[in-house]
Every structure is written in C-alpha cells, then in structure tokens.
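Chemist: Under this note's numbering, think of the first position of the sequence shown as -6, with each following residue one higher. C-beta: ideal position from N, C-alpha, C; glycine also. Here the structure is a predicted model, which means the values were calculated and not measured. There's a structure below that I have some questions on.
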Amino acid sequence: MQSEPFDLRSRARYIGSLVKDEQLCDFYEIVIDGHIQYIYIPVGSEQKANED
C-alpha cells in the first residue's frame, strides 16, 4: 500500500461542471491502478478549506 498521497492533477481528466445534490460540482475522471473512477468536487470547496 502506498503511503504517499496520489498527485491527482496528472491523473485526472476534467469532464465538466454539473449539479449534484443541489450543489455545483466539478466532475473528473481518474485512473488509479488501471481502474476508472469518477469524482465530484463541490465548486468553491478549495476556498472553504483555505478559510479554516
């Protein structure tokens, strides 16, 4: 098991922005160990994390 976090910037492909659960999210496709995963990241979540 890898102890260092993945750098997803080199593994993610931006699909677009979609509404999920009444929240605007960026939708990405990532490939890890040959498996395709789709992730949603709420728009503005990076700013909220920096404010804490």
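What is the DSSP secondary structure of R4, reduced to helix, strand or coil?
Modeler: The answer is coil: DSSP assigns R4 none of H, G, I, E or B.
Chemist: What's the gap between the Cα of G27 and the Cα of P(-2)?
Modeler: Each residue's Cα considered, the two are about 17 Å apart.
Chemist: In the structure shown, what three-state DSSP assignment does D26 receive?
Modeler: Residue state, collapsed to three classes: coil.
Chemist: Give me whichever residues DSSP pairs with V12 in a beta bridge.
Modeler: Beta-bridge pairing links V12 to L17.
Chemist: Who pairs with P35 in a beta bridge, going by DSSP?
Modeler: Partner(s): C18.
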